[in-house]
């Protein structure tokens, strides 16, 4: 019993082992068959001749069948029509002549006078009077190859692509009816009713109407000009995203930036990083890390290291503020004027004049530049301070300046001596850019060091009056006229009383003064002890002053 059972188990084991080997062998055969099937080349579909009025042989083309009249071919889902053709059945190809038409579905139509179609490569070579139509897009050329595998048509001897918005021409180009994407090279020109784009390389999508700029390109309209080497331009909305130092020019004004955004319909341009806004007509510019310009209302804005530069006088003036703004009022009227505003922490530098203020405004109404809140002006060794400073210009040169409230003029003689004049207000007049007269009005006090002919100091004069007129020649003091007349006190240099060599509101802001055009970015506030001091001291009653006042009336 045990032996029989053992023998039975042994036979069962051999059967299971044999069955496993057979299954493994069958699986290997199946796998080999699958590999064979996968590695075998796929069978190419055949080009069929569906119809012709006449079919014959031609000894000049022994491999071809000559088909004539209402010829129709089909390859997969594509139908091709012509008047006559050579049909090469063995290589699944044909050469078609006259009234050639190719239809792929209901969206792609290709027309021409001559076609060679290779069914093996699925490439159609259409020649002479070629027209490709894909819905609302038409491509015209004399030589077009259409690759059905990649659904790509390309021309190489000049062509024109047209859609609802634009007409594009170039020497070489390609168009994909599926993606609607086209690429153009060499003498590219895109014509739109509102602008013309020229380039050497351009990508354009007929569905989105977006032009992808990939080379030096110019977009020109009646109002402006755009130069860019890389970016995107929507030909419908007129919006552009441009890179690599693109330039927008409008009526002599150029806006440049590392990145440039432009909205043609709104007339808005924005520049990001290393922005330059240059007015070549008025010879001034604004720079910064961000700039904004509205060409319709003539409004400009700059910030982030913003600088206004005036180069109309040869010696450029550099002005910095946290924000710079140019605004135009009463546009397109006889009363039109502009205002240039700078705020806050304003500093400017030119070799002959420097200044600081919290803010300033220049208006073309009266050609006046007004400095607000702690304004200070420097010219060579002279410093002017007041609550407000107005500078009136004439053809970009100073005509006259008005210092309002707590006016103080300080002229440095050496490291310790200063000529000083203070009053309620000052008016300085200029000729050919040089000051020739200054009027000091109200509560006038003077600390002055007269000199003899060899520039030797005579002493220190201290005077007080109601009005002082200072006349200069070649920027040197010629004479002073006080009203009412005041002889003042002249102290010899060796006998100057302590404390009399400084006016009550004297201050010298040498530590604030901009040193060069790079220093305009370094804001330095006034020291606490140097804040503008109000003149609390009443004017001194001079002898017989009442007689002068009565005479003045």
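Residue numbers (our numbering): 2 to 554. Cβ coordinates follow ideal geometry from the N, Cα and C atoms, glycine included. In this text, all values refer to a predicted model and were calculated from it rather than measured experimentally.
- Query: Of the residues 480, 323, 351 and 364, which one's Cα is nearest the Cα of residue 337?
  - Reply: Translated into positions along the chain shown, residue 337 becomes position 336. For residue 337, the nearest C-alpha among the options comes from 364.
- Query: Name the DSSP bridge partner or partners of residue 182?
  - Reply: Here residue 182 refers to the residue found at position 181 of the chain shown. Looking at the DSSP assignment, residue 182 forms a beta bridge with 206.
- Query: If you follow the beta strand (DSSP E) that residue 250 is part of, which residue opens it and which one closes it?
  - Reply: Taking the first residue of the chain shown as 1, we reach residue 250 at position 249. Residues 240-251.
- Message: Along the chain, where does the beta strand (DSSP E) containing residue 329 start, and where does it finish?
- Response: Taking the first residue of the chain shown as 1, we reach residue 329 at position 328. Here the beta strand (DSSP E) through residue 329 covers 324-330.
- Message: Which residue marks the beginning of the beta strand (DSSP E) containing residue 402, and which one marks its end?
- Response: Against the chain shown, residue 402 aligns to sequence position 401. From DSSP, the beta strand (DSSP E) with residue 402 extends over 398-413.
- Shortest alpha-carbon distance to residue 180 belongs to which of 334, 190, 204 and 85? Here residue 180 refers to the residue found at position 179 of the chain shown. The shortest C-alpha separation from residue 180 is found at 204.
- Message: If you reduce the DSSP assignment to three classes, tell me which class residue 165 lands in.
- Response: Against the chain shown, residue 165 aligns to sequence position 164. Residue 165 falls in the coil class under three-state DSSP.
- Task: Note the first and the last residue of the continuous beta strand (DSSP E) segment covering residue 338.
- Result: One-based indexing of the chain shown puts residue 338 at position 337. 338-351 is the extent of the beta strand (DSSP E) around residue 338.
- Query: Count the other CB atoms within 10 Å of the CB of residue 62; is the residue buried (16 or more) or exposed (fewer)?
  - Reply: Locating residue 62 in the chain shown gives position 61, counting from the first residue. Label assigned to residue 62: exposed.
- Query: So, helix, strand or coil for residue 530, using DSSP?
  - Reply: Taking the chain shown and counting its residues from 1, the one referred to as residue 530 is at position 529. Residue state, collapsed to three classes: helix.
- Query: Terminal residues of the continuous beta strand (DSSP E) containing residue 219?
  - Reply: Residue mapping note: residue 219 aligns to position 218 of the chain shown, counting from 1. Element bounds for residue 219: 218-221.
- Find out if the Cβ-Cβ distance for the pair residue 257, residue 277 is shorter than 8 Å. Stepping through the chain shown from its first residue, residue 257 is reached at position 256. Stepping through the chain shown from its first residue, residue 277 is reached at position 276. Closer than 8 Å, so yes.
- Item | Residue of 225, 189, 226 and 194 minimising C-alpha distance to residue 213 | To locate residue 213, count along the chain shown from 1; it is residue 212. Among 225, 189, 226 and 194, the Cα nearest to that of residue 213 is on 189.
- Item | Buried/exposed call for residue 15, threshold 16 Cβ in 10 Å | Walking along the chain shown from the start, residue 15 turns up at place 14. With a pLDDT of only 42 at residue 15, under 50, the local geometry of the prediction cannot be trusted, and the value read off the model is given with reservation. Exposed.
- Task: Tell whether a beta-carbon distance below 8 Å holds between residue 423 and residue 506.
- Result: The residue labelled residue 423 in the question sits at position 422 within the chain shown. The residue labelled residue 506 in the question sits at position 505 within the chain shown. Yes; because the gap between Cβ atoms is below 8 Å, this pair is in contact.
- Is it buried or exposed for residue 372, if we count other Cβ within 10 angstroms and need 16 for buried? Stepping through the chain shown from its first residue, residue 372 is reached at position 371. Buried is the call here.
- Message: Can you look up residue 486 in the DSSP assignment and give me helix, strand or coil?
- Response: Against the chain shown, residue 486 aligns to sequence position 485. In this structure, residue 486 counts as coil in the three-state DSSP scheme.
- Would you kindly report the start and end of the unbroken beta strand (DSSP E) that includes residue 129? Numbered from 1 along the chain shown, position 128 holds the residue referred to as residue 129. Unbroken beta strand (DSSP E) run through residue 129: 124-135.
- Please name the residue in 119, 108 and 115 whose C-alpha comes closest to that of residue 89. As a first step, residue 89 must be located in the chain shown, where it is residue number 88. Nearest of 119, 108 and 115 to residue 89, Cα basis: 119.
- Query: How far does the beta strand (DSSP E) with residue 63 in it reach, from first residue to last?
  - Reply: If you number the chain shown from 1, residue 63 lands on position 62. 62-76 is the span of the beta strand (DSSP E), which, as asked, contains residue 63.
- Task: Check whether the region 291-309 touches the region 256-270, counting contact only when three or more Cβ pairs, one atom from each stretch, lie closer than 8 Å.
- Result: yes
- Mark residue 65 as exposed unless 16 or more other C-beta atoms lie within 10 angstroms of its C-beta, in which case mark it buried. Reading the chain shown from its first residue, position 64 is the one you call residue 65. Label assigned to residue 65: buried.
- Spell out the partners DSSP gives residue 80 in its beta bridges. Taking the first residue of the chain shown as 1, we reach residue 80 at position 79. Paired residues: 75 and 104.
- Excluding sequence positions up to five away, which residues of its chain have a Cβ less than 7 Å from the Cβ of residue 137? Your numbering for residue 137 matches position 136 in the chain shown. 164 and 165.
- Considering only residues of the same chain and omitting the five flanking positions on each side of residue 289, which have a CB-CB separation below 8 Å? The residue given as residue 289 occupies position 288 in the chain shown. The answer, listed in chain order, is 276, 303, 304, 305, 306, 307, 308 and 325.
- Message: Determine whether the beta carbon atoms of residue 399 and residue 390 lie at a separation below 8 Å.
- Response: What you label residue 399 is simply residue 398 of the chain shown in a count that begins at 1. What you label residue 390 is simply residue 389 of the chain shown in a count that begins at 1. Not in contact: residue 399 and residue 390 (Cβ atoms no closer than 8 Å).
- Task: Please name the residue or residues paired with residue 446 in a DSSP beta bridge.
- Result: On the chain shown, position 445 is the one that residue 446 refers to. Per DSSP, 423 and 465.
- Message: On the criterion of 16 or more Cβ atoms from any shown chain inside 10 Å, does residue 477 qualify as buried, or is it exposed?
- Response: The residue you call residue 477 lines up with position 476 of the chain shown. Result: exposed.
- Message: Could you compute how far the alpha carbon of residue 218 sits from the alpha carbon of residue 196?
- Response: Stepping through the chain shown from its first residue, residue 218 is reached at position 217. Stepping through the chain shown from its first residue, residue 196 is reached at position 195. Distance between the alpha carbons of residue 218 and residue 196 is about 13 Å.
- Can you give me the Cβ contacts of residue 484 inside the same chain, cut-off strictly under 7 Å, excluding the 5 residues immediately before and after it? Your numbering for residue 484 matches position 483 in the chain shown. Counting only Cβ-Cβ distances below 7 Å, and skipping sequence neighbours, we find 466, 467 and 468.
- Measure from the alpha carbon of residue 378 to the alpha carbon of each residue in 262, 514 and 318, then state which is nearest. Within the chain shown, residue 378 is the residue found at index 377, counting from 1. Closest by alpha carbon: 514.
- Task: Could you tell me which of 106, 110, 123 and 108 sits nearest to residue 95, measuring between CA atoms?
- Result: Residue mapping note: residue 95 aligns to position 94 of the chain shown, counting from 1. Per the Cα distances, 123.
- Identify, in the order they occur along the chain, each residue of the same chain with its Cβ nearer than 6 Å to the Cβ of residue 173, setting aside the five sequence neighbours on each side. In the chain shown, residue 173 corresponds to position 172, counting from 1. Within the same chain, residue 173 has close Cβ partners 157, 186 and 187.
- Query: Any idea what DSSP makes of residue 496, helix, strand or coil?
  - Reply: Taking the chain shown and counting its residues from 1, the one referred to as residue 496 is at position 495. DSSP places residue 496 in helix when its eight states are reduced to three.
- Three-state secondary structure (DSSP) at residue 97? Taking the first residue of the chain shown as position 1, residue 97 is located at position 96. Strand, per DSSP.
- Message: Taking the beta carbon of residue 345 as the centre, do at least 16 other beta carbons fall within 10 Å, making it buried, or is it exposed?
- Response: Counting from one through the chain shown, the residue named residue 345 turns up at place 344. Residue 345 is exposed by the Cβ-count criterion.
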